[in-house]
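To keep things clear, I will list the structure first and then write my remarks on it.
In the numbering used here, the protein residues as written are 123 to 318.
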């Protein structure tokens with residue numbers, strides 16, 4: 123009799139796990155459909171719904187919301203969302219992903235003050251040398267008018283995919299602008315546009 127109760131309990135537990143997984147999958151599909159169609163008002167409501175809060179972890183919900191604000195280019199909401207997300211980061215990988223996303227956003231917004239603060243945070247909390255190097259390099263290119271990374275980026279471009287090559291060409295063009303070499307700046311700017 124006792125074995126039968128254990129089997130029934132295990133069966134019910136497995137059924138609940140399966141139902142939960144299916145509901146989460148359906149909810150994620152619905153959310154991604156709203157993202158694809160850029161139906162942000164429905165997406166916002168969906169992220170705030172009780173079922174979404176039950177099925178999707180807070181970091182994932184808020185990260186989706188951040189991406190929505192980035193797509194909308196709503197600076198005020200982006201800044202608020204960055205402030206809301208940072209305290210709920212638990213895993214080092216989430217922290218790394220979030221900090222680099224924030225840094226890149228503020229970099230392209232030309233917000234030197236926030237970038238400098240984030241660069242300090244990245245140096246303190248991220249141990250991966252390549253990410254640290256890239257953040258320092260980009261800060262120097264964008265805000266300190268550095269042109270010291272042209273050759274390094276040209277070498278890296280040879281092994282990159284098109285989207286990465288496009289960004290790399292853009293960073294090279296900025297450095298040539300910093301050097302007041304408009305000919306090469308234009309050449310790499312055009313290359314960047316072609317690769318995107």
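Think of the CB as a built atom: it goes at the ideal place given N, C-alpha and C, for glycine as much as any other residue. Please read all numbers here as calculations on a predicted model, not as lab measurements.
DSSP state of residue 271 mapped onto helix, strand, coil: coil
Shortest alpha-carbon distance to residue 275 belongs to which of 265, 292, 159, 127? 292
Runs of alpha helix (DSSP H) wholly within the segment 254-318 (minimum 4 residues, chain order): 272-279, 284-300, 304-317
Where does residue 213 fall in DSSP's three states? coil
Skipping 5 residues on each side, what residues in its chain have a beta carbon closer than 8 Å to that of residue 261? 229, 237, 238, 241
Distance, Cα to Cα, residue 165 vs residue 205? 20 Å
Can you tell me whether residue 284 is buried or exposed? The criterion is at least 16 other CB atoms within 10 Å of its CB, across all chains shown. exposed
Boundaries of the alpha helix (DSSP H) in which residue 128 is found, first to last residue: 124-158
Whole-angstrom distance between residue 298 and residue 267, CA atom to CA atom: 10 Å
Rounding to the nearest angstrom, what Cα-Cα distance links residue 306 and residue 315 in this structure? 14 Å
Tell me which residues share the same chain as residue 301 and place their Cβ nearer than 7 Å to its Cβ, disregarding the 5 neighbours each side in the sequence. 269
Cutoff 7 Å: residue 137 Cβ touching any chain B Cβ: Protein chains in the displayed structure number just one, and chain B is not present.
Buried or exposed: residue 255, going by 16 or more other Cβ atoms within 10 Å of its Cβ? exposed
For residue 219, which option in 318, 294, 243 has the closest C-alpha, if you only look at C-alpha atoms? 243
Leaving aside the five residues before and after residue 207 along the sequence, list all residues of the same chain whose C-beta is less than 8 Å from its C-beta, in chain order. 181, 184, 185, 188, 220
Start-to-end residues for the alpha helix (DSSP H) that takes in residue 250: Here residue 250 belongs to no alpha helix (DSSP H), and DSSP marks it neither H nor E.
For residue 174, which of 154, 159, 160 has the nearest alpha-carbon? 154
When you compare the CB positions of residue 271 and residue 259, do they come within less than 7 Å of one another, or not? yes
Quick one: is residue 140 buried, meaning 16 or more other Cβ sit within 10 Å of its Cβ, or exposed? exposed
Which whole-angstrom value describes the C-beta separation of residue 199 and residue 191, a residue pair presumed to lie in contact below a C-beta threshold of 8 Å? 4 Å
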